[in-house]
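A.B. asks: Sending over a structure as C-alpha cells; questions will come in a sec.
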Amino acid sequence: MCTYLTEKITVAGSGKGAAGWFTVTDATVYLDHPQHAPAEHTLNIDFLNPANGPSARVAVELTAESARALARAIEVTLESAPPGLV
Amino acid sequence: MKDALIAETITIAGHEGDEIEAYLARPLGQDSFGGVVVIHHMPGYDGGTKEIARRFAAHGYATLMPNLYHRDAPGADPDDAAATARANGGVPDERLVGDVAGAAAHLRALEGSNGKVGVIGYCSGGRQSFLAACSMQLEAAVDCYGAFVVGSVPEGFPLKVGPIGHLAPSLSCPLLGLFGAEDQYPSPEQVDELDKILTEAGKEHEFHSYEGAGHAFFSVDRPAYRVEAANDGWQKIWGFYGRLLAG
Chain G
324 MCTYLTEKIT VAGSGKGAAG WFTVTDATVY LDHPQHAPAE HTLNIDFLNP ANGPSARVAV
384 ELTAESARAL ARAIEVTLES APPGLV
Chain W
19 MKDALIAETI TIAGHEGDEI EAYLARPLGQ DSFGGVVVIH HMPGYDGGTK EIARRFAAHG
79 YATLMPNLYH RDAPGADPDD AAATARANGG VPDERLVGDV AGAAAHLRAL EGSNGKVGVI
139 GYCSGGRQSF LAACSMQLEA AVDCYGAFVV GSVPEGFPLK VGPIGHLAPS LSCPLLGLFG
199 AEDQYPSPEQ VDELDKILTE AGKEHEFHSY EGAGHAFFSV DRPAYRVEAA NDGWQKIWGF
259 YGRLLAG
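Same order as they appear, the protein sequences are chains G and W. When the letters of the first sequence are read in order and numbered with my numbering, they come out as residues 324 to 409. When the letters of the second sequence are read in order and numbered with my numbering, they come out as residues 19 to 265.
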C-alpha cells in the first residue's frame, strides 16, 4: 500500500548528493514502497535541502531490521562519545 | 500484430489549464485507434511505467501518462519528484481528476483517434483510475490493486485521501479490477465490498483476484512481480480494452 506515513524533522549538517556536497536542512522518514530496494516496503530516509530544489536529496531505503540496527548504532555511538565532544 | 510505435515527452494542459509534462506513446501505421490514460504508481513517473505506456502503444492504443508530480518538482528525476510529492502530502483528488481529463482530451484530439478513451492505474493509481472514471466520461477503466477505494484508512496513517466507494453510482464506464489475493491494501474483503457496491449500483464490472499474488504483481522490476498473475492480467486487459476501446 501507499502509506504516506511520514515523520519530518529539521536537521543541521551536510550530505553528499548527485551534484556533490550540500547543506542539509530537513529530513523525512517514512515507510513505503522503495524506488530501488528489493522489498515491498522499506524504511526510507531522505536528507534534504528543499530551498535547493527536489534534487538536493540523499536517499536511503532500508529493511525494517536494518533501520532499527542503524538507529541503535547511532544511539550507541553518541552515548559512547567522550564527555564534552557532543 | 503490428507493433511499430513512437514515444515522446510532450506538454499537455492539465488541471485548471496548468501545463504539465506527459509521456505519449502511440502506434504507427494505424488509421484509427483508441486511447489509454496511464496513471503512474506512487513511486512516480518512472521508467517502468513508461514501459507500460509503450506496451499499450505496441498493442495499438495511443497512450498518455501525465506526470502527476510535475508541479511538485518540474524537471527533477522521478524518484526525487516522488519524494517531494510525498512530502507535500500526495496528489490531491481534484488535481488528479483535472490532469486525467486533460490527458483524455489530448488523446481524443489526436489525428486518428476513434474518440474512445480508457484509463488504467496501478497502486495509488488504481484508486485514482476509479476516481477518474467516476468523475468524467470514459469508455473503460482498469483498477490494478488500488487501496482505499473502499475501507477506512488505518488509524495512525496520515493519508490525505479517503475512501471513494460512494462515487460508484457515477461510474461512467465498465470497470476491470485486478487484485492480488494476498494483498492487504486492498484486502480480499475490501475487493468483495467494492464488488457488492458496484453490483448494487448496477455498474458493469469484472474482478479477478490472483492467488499467490500480493500488491504490485505487475511490477517486473520488484520482488512483488508474479509472472502468472501478470500474464493473465495483461490478457484480461487486452480483452477488456479490445472490446471497449479498439477500432
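Beta carbons are placed, not taken as given, at the ideal position from N, Cα and C, and that holds for glycine. Small disclaimer: the values here were computed from a predicted structure and weren't measured.
If the cut-off is 8 Å on Cβ atoms, which residues from the stretch 98-113 of chain W count as contacting chain G, listed in chain order?
C.D. replies: Those would be D98, A99, A100, A101, T102, R104, A105, G107, G108, in chain order.
A.B. asks: What in chain W is Cβ-close to S337/G, meaning under 7 Å?
C.D. replies: Going along chain W, no residue has its Cβ under 7 Å from S337/G, so there is no contact; the nearest lies around 18 Å.
A.B. asks: Taking only beta-carbon atoms, is A231/W less than 8 Å away from chain G?
C.D. replies: It does not: the Cβ of A231/W has no partner Cβ on chain G nearer than 8 Å.
A.B. asks: Using a Cβ-Cβ cutoff of less than 7 Å, which residues in the same chain neighbour A165/W once the five nearest sequence positions on both sides are dropped?
C.D. replies: Excluding sequence neighbours, A165/W sits near R145, Y203, P204.
A.B. asks: Name, going along the chain, the residues of the stretch 34-47 of chain W whose beta-carbon falls closer than 9 Å to a beta-carbon of chain G.
C.D. replies: Per Cβ criterion, the list is empty.
A.B. asks: Give me the Cβ distance between S188/W and G130/W, rounded to the nearest whole Å; I'm assuming they're in contact under 8 Å.
C.D. replies: Incorrect: roughly 30 Å between the Cβ atoms, too far for contact.
A.B. asks: Out of W344/G, V352/G, V347/G, point me to the one whose CA is closest to L328/G's CA.
C.D. replies: For L328/G, the nearest C-alpha among the options comes from V352/G.
A.B. asks: Flag P406/G as yes if its beta-carbon sits less than 8 Å from any beta-carbon of chain W, otherwise no.
C.D. replies: So, not an interface residue.
A.B. asks: Excluding five sequence neighbours on each side, which residues of the same chain lie with their C-beta closer than 6 Å to the C-beta of A75/W?
C.D. replies: Contacts found: L23, A43, R44, P45, T81.
A.B. asks: Out of G47/W, R72/W, G32/W, state which residue places its alpha-carbon closest to the alpha-carbon of A25/W.
C.D. replies: Measuring from the Cα of A25/W, the nearest candidate turns out to be R72/W.
A.B. asks: According to DSSP, S337/G sits in a beta bridge with which residue or residues?
C.D. replies: BP columns for S337/G point to T346/G.
A.B. asks: Can you check whether the C-beta of M60/W is within less than 8 Å of a C-beta belonging to chain G?
C.D. replies: Judged by the 8 Å Cβ criterion, M60/W is in contact with chain G.
A.B. asks: Would you please verify whether the beta carbon of D49/W is less than 8 Å from any beta carbon of chain G?
C.D. replies: Closer than 8 Å: no.
A.B. asks: Output the distance between the C-alpha atoms of K331/G and E218/W, rounded to the nearest integer angstrom.
C.D. replies: If you take the alpha carbons of K331/G and E218/W, they lie about 43 Å apart.
A.B. asks: Looking only at DSSP bridge pairs, what is V135/W linked to?
C.D. replies: BP columns for V135/W point to G53/W.
A.B. asks: Report yes if the C-beta distance between G108/W and K178/W is below 8 Å; otherwise report no.
C.D. replies: Cβ distance < 8 Å, so G108/W and K178/W count as in contact.
A.B. asks: Less than 8 Å between CB atoms is the rule here; does D95/W satisfy it with respect to chain G?
C.D. replies: Chain G contact via Cβ: present.
A.B. asks: Chain W partners of R380/G, CB-CB under 8 Å?
C.D. replies: Simply D98, A101.
A.B. asks: So with Cβ pairs under 8 Å, would you call A390/G a contact of chain W?
C.D. replies: No, A390/G does not count as interfacial toward chain W.
A.B. asks: Along the chain, where does the alpha helix (DSSP H) that runs through A150/W open and close?
C.D. replies: 142-151 is the extent of the alpha helix (DSSP H) around A150/W.
A.B. asks: Am I right that G32/W and P84/W are in contact with their C-beta atoms under 8 Å? What's the rounded C-beta distance?
C.D. replies: So it is a contact: roughly 6 Å between Cβ atoms.
A.B. asks: Using a beta-carbon distance below 8 Å, is A247/W in contact with chain G?
C.D. replies: A247/W does not count as touching chain G.
A.B. asks: Under a three-way DSSP split, which group does N249/W fall into?
C.D. replies: It is helical.
A.B. asks: Taking a contact to mean a Cβ-Cβ separation below 8 Å, would you say L156/W touches V168/W in this structure?
C.D. replies: Contact: no.
A.B. asks: Helix, strand or coil, according to DSSP, for V383/G in the structure here?
C.D. replies: Looking at V383/G - three-state DSSP - the assignment turns out to be strand.
A.B. asks: With a threshold of 7 Å on Cβ separation, who are the neighbours of A119/W within its own chain once the five nearest residues in sequence on each side are excluded?
C.D. replies: So the qualifying residues of the chain are M154.
A.B. asks: Of the choices S190/W, R244/W, H184/W, whose alpha-carbon is the least far from that of F197/W?
C.D. replies: Per the Cα distances, R244/W.
A.B. asks: Closer than 6 Å by C-beta to F225/W: which residues in its own chain qualify, once you throw out the five before and the five after it? Chain order, please.
C.D. replies: Excluding residues within five positions, the ones whose Cβ falls inside 6 Å are G195, D213.
A.B. asks: Name the residue from P206/W, E39/W, Q48/W whose alpha carbon lies nearest to the alpha carbon of H58/W.
C.D. replies: Out of P206/W, E39/W, Q48/W, E39/W has the C-alpha closest to the C-alpha of H58/W.
A.B. asks: Tell me, to the nearest whole angstrom, how far the beta carbon of A91/W is from that of D98/W; I am working on the premise that it is less than 8 Å.
C.D. replies: About 6 Å; that satisfies the 8 Å criterion.
A.B. asks: Between E398/G and chain W, is there a C-beta pair that is closer than 8 Å?
C.D. replies: Chain W contact via Cβ: absent.
A.B. asks: DSSP puts Y353/G in a beta bridge; with which residues?
C.D. replies: Y353/G pairs with T329/G, N367/G.
A.B. asks: I think G66/W touches S237/W, with their Cβ atoms under 8 Å apart; what is that distance to the nearest whole Å?
C.D. replies: G66/W to S237/W, Cβ: 6 Å. Contact.
A.B. asks: In this structure, how does DSSP classify R44/W when only helix, strand and coil are distinguished?
C.D. replies: Reduced to three states, the DSSP call for R44/W is strand.
A.B. asks: Return the first residue and the last residue of the alpha helix (DSSP H) that P96/W is part of.
C.D. replies: Start and end: 96-105.
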